[in-house]
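All remarks here apply to the structure that follows.
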Amino acid sequence: MTKGRAGHKDWRGHERRQFVEQLQERHGADTAVTDDQMADFYRDFMERNQRKHRQYNLQWYGHSARLLGLAGLVAPLRLLRALRLLR
């Protein structure tokens, strides 16, 4: 697994734990939550964490752009090699 994917998995796991902990704090661990309560909680959770999610997305997009840039450098070399113009 690549470093980026491992970091994404760690971040996603942390977010999931944080979400569940905050949900249990707000509604109790054994309480059934209605659809409306869950919608309100989710909206509040996303608003509180909006900046953190935006920063994470920008980092992830930057990582993807770097990988695309590297792929763009390698692709012409592979094409030339396939055409046997470069050995």
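Quick note: the sequence shown, position 7, residue 7 per the UniProt record's numbering, numbers continuous.
Glycine residues also receive a C-beta, built at the ideal position from the N, C-alpha and C atoms.
Query, Result
"Supposed contact pair Phe-41 and Leu-67 - C-beta distance, whole angstroms, cut 8 Å", "Not really, about 35 Å apart at Cβ, beyond 8 Å."
"Between the CA atoms of Gly-72 and Met-46 - distance to the nearest angstrom", "35 Å"
"Start and end residues, alpha helix (DSSP H) containing Asn-57", "50-82"
"The ligand SAH heavy atom lying under 7 Å from the CB of Ala-71", "You won't find the ligand SAH in this model; it holds no ligand whatsoever."
"Own chain partners of Val-33 with C-beta closer than 8 Å, once the 5 adjacent residues on each side are dropped", "Leu-23, His-27, Phe-41"
"Three-state secondary structure (DSSP) of Gly-35", "Here residue 35 turns out to be Asp, not Gly, going by the sequence shown. It is helical."
"Straight-line Cα distance separating Trp-11 from Asp-44", "19 Å"
"6 Å CB neighbourhood of Gln-18 in its chain, flanking five on each side removed", "none"
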